[in-house]
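Reviewing the structure listed below.
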Amino acid sequence: MAAFEESDEYCPHCDNHFIIEAKTPTPVVGVEGEDARKDARMLRDERMKQLALSLDDEFADLLEP
(Lines of atoms letter the chains of each structure in order from A and count residues from 1; the text may use other names and numbers.)
(Lines give C-alpha, C1' and ligand atoms only; values in the text may rest on other atoms or scores of the structure.)
Protein backbone atom coordinates (compact mmCIF):
# COMPACT_ATOMS: atom_id res chain seq x y z
CA MET A 1 0.00 0.00 0.00
CA ALA A 2 2.11 2.85 -1.23
CA ALA A 3 -0.78 5.30 -1.57
CA PHE A 4 -2.96 5.34 1.52
CA GLU A 5 -6.24 7.21 1.20
CA GLU A 6 -8.65 8.29 3.91
CA SER A 7 -11.35 6.05 2.45
CA ASP A 8 -9.12 3.01 3.14
CA GLU A 9 -9.73 3.49 6.87
CA TYR A 10 -13.38 2.48 6.60
CA CYS A 11 -14.98 -0.90 5.97
CA PRO A 12 -16.59 -0.92 2.49
CA HIS A 13 -19.57 -2.94 3.76
CA CYS A 14 -20.56 -1.24 7.00
CA ASP A 15 -18.53 2.03 7.19
CA ASN A 16 -16.94 1.08 10.52
CA HIS A 17 -13.69 2.86 11.23
CA PHE A 18 -11.19 0.02 11.55
CA ILE A 19 -7.85 1.84 11.71
CA ILE A 20 -7.08 3.07 15.20
CA GLU A 21 -4.39 5.65 15.82
CA ALA A 22 -1.32 4.13 17.43
CA LYS A 23 -0.25 5.27 20.86
CA THR A 24 3.33 6.38 21.04
CA PRO A 25 5.20 4.99 24.05
CA THR A 26 6.40 7.53 26.58
CA PRO A 27 9.54 6.89 28.61
CA VAL A 28 8.83 6.44 32.30
CA VAL A 29 11.28 6.14 35.14
CA GLY A 30 10.06 3.91 37.90
CA VAL A 31 11.11 1.57 40.65
CA GLU A 32 10.29 -2.08 40.37
CA GLY A 33 10.32 -4.39 43.31
CA GLU A 34 8.70 -7.42 44.79
CA ASP A 35 5.04 -7.52 45.68
CA ALA A 36 4.43 -4.98 48.48
CA ARG A 37 2.16 -7.43 50.26
CA LYS A 38 5.09 -9.84 50.65
CA ASP A 39 7.95 -7.43 51.29
CA ALA A 40 7.11 -3.89 52.42
CA ARG A 41 10.68 -2.64 52.90
CA MET A 42 10.47 -0.35 49.87
CA LEU A 43 7.38 1.44 51.16
CA ARG A 44 7.51 4.41 53.49
CA ASP A 45 5.13 4.25 56.40
CA GLU A 46 4.03 7.83 57.09
CA ARG A 47 2.89 6.85 60.58
CA MET A 48 6.43 5.98 61.69
CA LYS A 49 8.68 8.70 63.06
CA GLN A 50 11.54 9.38 60.65
CA LEU A 51 15.03 9.38 62.09
CA ALA A 52 16.74 12.76 61.77
CA LEU A 53 20.24 11.28 61.87
CA SER A 54 22.17 10.41 58.78
CA LEU A 55 25.59 8.87 58.40
CA ASP A 56 26.92 11.94 56.59
CA ASP A 57 26.23 14.14 59.61
CA GLU A 58 27.86 11.69 62.00
CA PHE A 59 31.01 11.30 59.93
CA ALA A 60 31.26 15.01 59.13
CA ASP A 61 31.87 15.74 62.81
CA LEU A 62 34.68 13.19 62.90
CA LEU A 63 36.40 14.56 59.80
CA GLU A 64 36.58 18.19 60.91
CA PRO A 65 40.07 19.15 62.22
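Mapping the sequence shown onto the working numbering, position 60 (from 1) lands on 70, and the numbers just tick up by one. Every residue, glycine too, gets a C-beta built ideally from N, C-alpha and C.
Taking the alpha-carbon of ASN26 as reference, which of GLU16, ASP45, THR34, PRO35 has the nearest alpha-carbon?
GLU16
LYS48: beta carbon under 6 Å from a heavy atom of the ligand GDP?
Ligands are entirely absent from the displayed structure, and the ligand GDP is therefore not among its contents.
Sorted by chain position, which residues of the same chain lie with C-beta nearer than 7 Å to HIS23's C-beta, five sequence neighbours on each side aside?
none
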